[in-house]
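In terms of the UniProt record's numbering, the sequence shown opens at residue 1 and continues consecutively.
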Amino acid sequence: MDELDRQILDILRRDARTPYTEIADEVETSEGTVRNRVERMMDDDIIERFTISTRTGNVKAMLEIGVAVDVDTKAVSERMAEWEEVDFVWMVSGEQDIVLVVDAADTRGVNDLITQARDQEEVVSTKTRLILDEELG
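And the structure:
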C-alpha cells in the first residue's frame, strides 16, 4: 500500500459513496486508476466492506468485555458480531479483550446487550461507555 492508496482510503472513510471521478480529481489521477486500486484493496482485504454511519436517535454505546484467558477470543467475537444491535466488534489489547459498538433503541436495549454478554460463559467482566457524540474525520 502506497501514499495514493492511503489518500483514496481517507476519502472513502469520510464518504464511502464518493464517486471515483471525484476521488480521481482530488488525488490527481485517473478514474480508472482509482477504480483499479479500490478493487485491488478489496481483493487484498484492505477494504473489508463499505458501510454507513447513522444518526438514528438511538443510544450508542461501547461494551468493553473481558474474557477468561483460556478462551478463543476470535470465536466469541464472531458470535457477538451476529447480535442484532451490534455494529462493530473489535478485539483489543489492554484490560478488556473485546469491544462491541452497539446501536440500541434505548437504554433498556443497551442493558439487554450487557446482560446477554454477561450470560456468555467465557465473559468475566464488562464495562459500558455511552457514546454521547461522534465526529467523522
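Each residue gets a CB set at the ideal place from its N, CA and C atoms; glycine is no exception.
These numbers come from a predicted model, not from an experiment.
- Query: To the nearest angstrom, how far is it from the Cα of Ile18 to the Cα of Lys127?
  - Reply: Your numbering for residue 18 matches position 18 in the sequence shown. Your numbering for residue 127 matches position 127 in the sequence shown. Note that residue 18 is Thr in the sequence shown here, rather than Ile. Their Cα atoms are separated by approximately 36 Å.
- From Arg79 to Gln116, what does the alpha carbon distance come to, in whole angstroms? To locate residue 79, count along the sequence shown from 1; it is residue 79. To locate residue 116, count along the sequence shown from 1; it is residue 116. Looking at the backbone, the Cα of Arg79 and that of Gln116 are separated by about 12 Å.
- Does the beta-carbon of Lys60 have 16 or more other beta-carbons within 10 angstroms, so that it is buried, or is it exposed? Here the question's residue 60 lines up with position 60 in the sequence shown. Label assigned to Lys60: buried.
- Query: What is the DSSP secondary structure of Gly32, reduced to helix, strand or coil?
  - Reply: As a first step, residue 32 is located in the sequence shown; it is residue number 32 there, counting from the start. Gly32 falls in the helix class under three-state DSSP.
- Per DSSP, what kind of secondary structure is Leu100 in: helix, strand or coil? Taking the sequence shown and counting its residues from 1, the one referred to as residue 100 is at position 100. Three-state result, Leu100: strand.
- Task: Tell me whether Val110 sits in a helix, a strand or coil according to DSSP, three-state version.
- Result: On the sequence shown, residue 110 is found 110 positions in, with the first residue counted as 1. DSSP places Val110 in helix when its eight states are reduced to three.
- Item | Simplified DSSP assignment, three categories, for Leu130 | Your numbering for residue 130 matches position 130 in the sequence shown. Judged by DSSP in its simplified three-state form, Leu130 adopts strand.
- Helix, strand or coil for Val67, going by three-state DSSP, please let me know. Translated into the one-based positions of the sequence shown, residue 67 becomes position 67. The answer is strand: DSSP assigns Val67 an E or B state.
- Message: Under DSSP, the alpha helix (DSSP H) around Asp10 begins and ends at which residues?
- Response: By one-based count along the sequence shown, residue 10 stands at place 10. DSSP places Asp10 in the uninterrupted alpha helix (DSSP H) bounded by 3 to 14.
- Query: Do the CB positions of Asp97 and Val67 come within less than 9 Å of each other?
  - Reply: Counting from one through the sequence shown, the residue named residue 97 turns up at place 97. Counting from one through the sequence shown, the residue named residue 67 turns up at place 67. It is a contact, given that the beta carbons lie within the stated cut-off.
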